[in-house]
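In the working numbering, the protein residues as written are 3 to 447. Cβ coordinates follow ideal geometry from the N, Cα and C atoms, glycine included.
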Amino acid sequence: MKSVFLVVYLIYSAVVIIFSFLSKSKEETTESFWTDNRQVGGLRAGLSLSATFMSISWSVAYGIEVFLNYGFGGFFVLSLPWLIVLGIFFIFAPKLRDIPVFSQPELIRRRFGERAATLSAIPILIVFIIWGGAELAVAAKIIGKATDISYLAVLFFSVLVIAIYMSLSGVEAVIVTDVIQYSLIAVFFVILVIAGKNSGVENNSVLVFDLKKINPFFIFLTLIAYLPGWLVETDIWIRLQVTKNGKEARKAMGVAFLNALLFVFLFPMVVAFFVPDTFKSGESAVFYLISLIKNKIILSIVAIGLVAASMSTIDTCLNVAAMTLSYDMKKKKSKKFNIISIWIASLLAALSGIYFDSLKDAFYLSSGIFSTTLFIPVIAAYSKRDFKKGVEAVLLLAPFITILFYILEKYRIIQIPDANGIGYILISSIFSVIIFFTASKISKD
């Protein structure tokens, strides 16, 4: 089995590089490298966004894990918040697409000036470097286990492949490979379900909403904590902005919503249903189901799906980080620095993956920083009132406050009962609101 996975891993890596080379536009400009001239169709943009959340770590491993641990309560922890976010974007997609800016720092610059824009770009850069690194670490562990190659070798080879195909055509390479990856991950899920069904195992606890497994307060806190951050997710914003017009933007969000219903909710739940109730780790559950497959051809397809699922989020994280460096933080833009920024982001993500390999930490912390730091400035940008000082104060102080309370909660120095590790977001959000209104009021006095 390991030789099959190794061959498939190498072939797939070569294929995505070739596809990215063939998709390269001859008329590419410095800006279109990141924006694709805002001419992407809704279907392609929607499938690209879908592939991003259909990653090995998120909808596959974590998506299955929440149902194994919380039963049907897992729907309220991951699926419901994500569906609400995509539903909101579906409703407002045409209006958001017609805003004459491409990135979130650009939106903030337009309303609050250069300093606020730079301050908003820094947390975006840091979050996506850490998130990309954690995704790389998880992918390296899983692929390394499947191929019997060392963890570090897989980590650096994977980031090398992604950096190469992103350097060829920027966001177009990400979208092209995402569409390929979407198809492969969808097939991967179907095979897992069939393997599970053939095993004869039925874990009925997955379909039961059990208050002993999940506290309603945790569900409420999850919605309050995650929704603001996910509503300003940069990767969603970019997929929306690259579309041709408002109609295509709405189509993209509709496609993503339907795929979230399938691949963040239904398929993970069904896969979990066919896993023995002794399993609590989504990653272990996936390998258990793969171990049941004996046909080498099907194993090859599974291997491709596994590799695709591992790369689908990493390239998005690196794309956002690199774009933030060259499009939002550098005043003088150039094609050369576009490519340099990709390699800088890739190297930083690889180093981050070595030292910060907990996807749970990356997931919690990134969601927290977006909720406490980026949400208020983005919302304030749509207001006609002058909140410049309040926005700058939040962007400057909120990241440090969020990290502080995250550490305090992680090491049990402070705790909110039944918060399951996300109470720090609620506390930090309260501080952010206080800072925002206090700074805004002081500036007017």
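Check                                                                                                    : Outcome
At least 3 beta-carbon pairs within less than 8 Å: the stretch 179-196 vs the stretch 30-39              : no
Proximity below 8 Å, CB of I238 to CB of F389                                                            : no
Same chain only: Cβ atoms within 6 Å of A148, ignoring 5 sequence neighbours per side                    : F7
Reduced DSSP category for V173 - H, G, I as helix; E, B as strand; rest coil                             : helix
Assumed close pair I216, G48 - CB separation to whole angstroms, cut-off 8 Å                             : 31 Å between Cβ atoms; not a contact.
Q243 - containing alpha helix (DSSP H), residue span                                                     : 236-243
I126 beta carbon near the ligand ATP (any heavy atom closer than 7 Å)                                    : No copy of the ligand ATP appears in this structure; indeed no ligand is present at all.
Cβ-Cβ distance between I427 and T374 below 8 Å                                                           : yes
At least 3 beta-carbon pairs within less than 8 Å: the stretch 129-143 vs the stretch 290-297            : no
Spatial distance of E394 from L353 (CA atoms)                                                            : 30 Å
Start-to-end residues for the alpha helix (DSSP H) that takes in W36                                     : 34-37
8 Å contact criterion, which S57 and A311 should meet: CB distance rounded                               : 6 Å
Under 8 Å between C-beta atoms of V380 and I126                                                          : no
Three-state secondary structure (DSSP) of G202                                                           : coil
Touching by the beta-carbon criterion (3+ pairs, under 8 Å), the stretch 172-189 and the stretch 313-329 : yes
Inter-residue spacing [alpha-carbon to alpha-carbon] between E67 and S61                                 : 9 Å
Selected residue, minimal CA-CA separation from V203, among S431, T280, K214, P102                       : T280
Residue interval of the alpha helix (DSSP H) (run including R414)                                        : R414 -> no alpha helix (DSSP H), and no H or E assigned at all.
Beta-carbon proximity list for S15, same chain, < 6 Å, skipping 5 on both sides                          : V163
Span separating the alpha-carbon of K246 from that of T224                                               : 34 Å
Helix, strand or coil at V42 [DSSP, three-state]                                                         : strand
Residue closest to D363, alpha-carbon to alpha-carbon, out of G73, E411, R111                            : E411
According to DSSP, residues forming a beta bridge with F211                                              : G73
Inter-residue Cα distance where the pair is I299 and K4                                                  : 13 Å
Helix, strand or coil at D2 according to DSSP, with G and I counted as helix                             : Summary: the structure shown does not reach residue 2, with the chain confined to residues 3 through 447, and so no result is reported for it.
Exposed unless 16 or more other CB atoms sit within 10 angstroms - verdict on Y329                       : buried
Span of the alpha helix (DSSP H), counted from its first residue to its last, around Y228                : 218-233
Euclidean distance between Cα positions of K253 and A95                                                  : 9 Å
Cβ-Cβ distance between Y153 and S369 below 8 Å                                                           : no
C-beta contact flag for V257 and D38 at 8 Å                                                              : no
Coil, strand or helix - E67 by DSSP                                                                      : helix
P107, DSSP secondary structure in three states                                                           : helix
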